[in-house]
Amino acid sequence: MAKQIPEEMIEEIRNANDIVDVIGDYVQLKKQGRNYFGLCPFHGENTPSFSVTQEKQIFHCFGCGKGGNVVTFLMELENYSFYEALQYLAKRVGKDLPEATSGKTASISSENQSILSAYEWLTKLYHHLLRYTKDGKEGYSYFQSRNVSDHAIDEFQLGFAPNIKDFTAEFLKKKGFHQQLLVKAGLVSLQDDNSVTDRFRGRVIFPIRNHLGQTVGFGGRSLGSGEPKYLNSPESELFQKGRLLYNFDLAKKHIRKESRVIIFEGYMDVISAYQAGIKNSVATLGTALTEYQAKLINRYVDTSILCYDADKAGLEATYKAANLLLSVGSDVKIAQLKDGKDPDDFIREYGAEAFENEVIRSSDTFMAFMMRYLKKDFNLSLEGDRIDYVEAVLKQLALIESSIEREYYLKELSVEFNLSIETLAQEINTLRENSGAFKDNTDKKSYTNTNGAKYKRQKLMPAYYNAERQLISYMLQDGTIADKVREEIGASFNLEEHKIIVTFLYAFYEEEQLPDVSLFIERLDDPNLRKMVSEIAITDIQRDISDQEINDYIRIIRAESQDKANIISLKEQQIIAEKQSDPIRAAQILSQIIEMQKQMKNTY
């Protein structure tokens, strides 16, 4: 596929997209030294082992081994073809790929492409009907009654599906879509007589987009007596409620800018918050927060603010979501709504400024919320329940690592229940001493360079292995060093993968290419080689290296190769001695082999 696009254009698009900016759309990156670190998007982790090097335009995860450049990152994470990754990057910087590449291989099936196309057509149709036709007046009036502005209607592409049985089916049929596909996509419902009806007829429409901004499902609210009141598209390969967040595609940049995310329960809460100027907000899709969603959020931002309804169900949902977010390493705060209102009602009644100041900025810490949450289970007018409540709170406080935070809440308990802070502190210390779970948590987020700690846990590698990797690292950054190594030992490295890498690297430089690790990785077809090169290249090395140091690396590599050749030769001599019925000679040779192998094994 790359051959159909001019090499100059590929390089131009790649160079125009800084890898830190692109990966920053998926991962919260923090700079440490010359590199950036974050939580790996390819596997679950609480301690950042994912490293991005801006200087070399590559990434590597020391946890799962994934590595490459900006193009291969998108291919791995989004399951893009090479063309689709380039297309995404080109669009990102306002460029177009040549038409000659239109015959690309797609990363998703033709059926799913058709379903996406159908949703795109209907999103535009339902929105047009709502905004500009008499058929959509009922839906438009509903949004007006909820104080939704025309700007917000356009931004969220809100729509209305007329209460006509076959309206959607007939529209899409004229666009060339088959009925069977529309049933599978959940856009129409099949009846007993094989006729179809519009699944969302008579409802206002909330398009649900994936993180790329593609509509993959609808949420519909009935305006009449139709049940259920709220209806979503059915689960499918494209639409999985537990893996999507409403408004995530638009909120991503605001989440990064604000360094926090507001999590709501409903579409209207997000829309009201948006109109109030709070654009870093998302919502779950009528289900409880899932572990996948929690990990997704935690990759982007440290702090999550839960803003659920103030009723009993909302309180329970907040408790579960908060614990889930904490379990993946997120810092959690809980917004407290007065008068039992939901976020949308609060904003409409008290205004945007009050919501920002009295709800969002006044959010409780998780511990403050827990103290409030636990009270529902106790009758604090009874002495026994008061004691039980205090003990329940102390168990939660014992989980907190910060001594300052513990003391703060102990003072609150001391004042509220007229207990000495010394007694409370002693009880917490006992709880912490009696449980190994209360030791210092070393698995907290740390954006320091974790490479050293990881390597310490690995088996020490032989000297020749380290010499080959160090030498390749310098060769990747300096063509003159690569030329010297080629003249001295060519591809005579000991590890097979290293032989292949340097062979490709020699060919890369022969094309008169300047050192460019990102471009070199792109030329490698084998994903395992890409991982290895990214791991080697991302390791810090000295800026300057002497000829003597290079010669030392070459000497170590040669010695290993020579020792292996000598052992092979000795084994052949041993076989000959055994065939000649010379056991003494065979034993002497075996002793030499063992001694050489021992020396090789002890050389690190």
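So the sequence shown is numbered by numbering that gives the first Met the number 0: it starts at 0 and just counts up by one.
Note that beta-carbon positions come from the ideal geometry of N, C-alpha and C, so glycine has one too.
| Item | Value |
| --- | --- |
| Cβ neighbours of E534 in the same chain (closer than 8 Å, five flanking residues each side left out) | H59, F61, G64, G66 |
| Any alpha helix (DSSP H) of 4 or more consecutive residues that is wholly inside the segment 326 to 381 | 342 to 349, 365 to 373 |
| C-beta contact flag for L504 and F519 at 8 Å | yes |
| Presumed contact (8 Å Cβ cut-off) between D363 and F377, rounded CB distance | Rounded, the Cβ-Cβ distance is 19 Å, inconsistent with contact. |
| Sub-8 Å separation of G218 and I207 beta-carbons | yes |
| Buried versus exposed, by CB contacts within 10 Å (16 or more), R33 | exposed |
| Contact check, I262 vs S303, beta carbons under 8 Å | yes |
| Beta-carbon proximity of N246 to V215, cut-off 8 Å | no |
| For G66, the three-state DSSP class (helix, strand or coil) | strand |
| Among K483, Y299, R431, the one whose alpha carbon lies nearest that of Q547 | K483 |
| Cα-Cα separation between Q573 and A585, rounded to whole angstroms | 5 Å |
| Residues that Q31 bridges to, as DSSP identifies them | N34 |
| Assigned exposure category for R456 - 16 Cβ within 10 Å defines buried | Only weak support is given to the placement of R456: the predicted model assigns it a pLDDT of 43, under 50, and the value that follows is read from those uncertain coordinates. Looking at its Cβ environment, which holds fewer than 16 other Cβ atoms inside 10 Å, R456 is exposed. |
| Contact test: C63 Cβ vs the ligand ADP heavy atom, cutoff 7 Å | With respect to the ligand ADP, the structure shown offers nothing to examine, as it has no ligands at all. |
| Where F416 falls: helix, strand or coil (DSSP) | helix |
| Distance CB(G158)-CB(L181) smaller than 8 Å | no |
| Secondary structure of H59, DSSP reduced to three states | strand |
| Member of R202, S517, L418 whose CA lies at the smallest distance from the CA of V51 | S517 |
| Sub-8 Å separation of K164 and D197 beta-carbons | yes |
| Distance, I593 Cα to E577 Cα | 17 Å |
| Endpoints, the beta strand (DSSP E) within which V195 is located | 195 to 197 |
| Own chain partners of K410 with C-beta closer than 8 Å, once the 5 adjacent residues on each side are dropped | I420 |
| Contacts around D477, its chain only, beta-carbon distance under 8 Å, and the 5 residues preceding and following it disregarded | P514 |
| I18 classed as buried or exposed, judged by whether at least 16 other C-beta atoms fall within 10 angstroms | buried |
| E47 classed as buried or exposed, judged by whether at least 16 other C-beta atoms fall within 10 angstroms | Per the sequence shown, the amino acid found at residue 47 is Pro instead of Glu. P47 comes out buried. |
| Contact check, L379 vs R371, beta carbons under 8 Å | no |
| For R298, the three-state DSSP class (helix, strand or coil) | helix |
| Residue nearest to V300 in terms of C-alpha spacing, selected from T317, L325, L284, A287 | L325 |
| Other residues of its chain near H210: CB distance less than 6 Å, five sequence neighbours each side excluded | F247, D248 |
| Check whether V195 and R220 have beta carbons under 8 Å apart | no |
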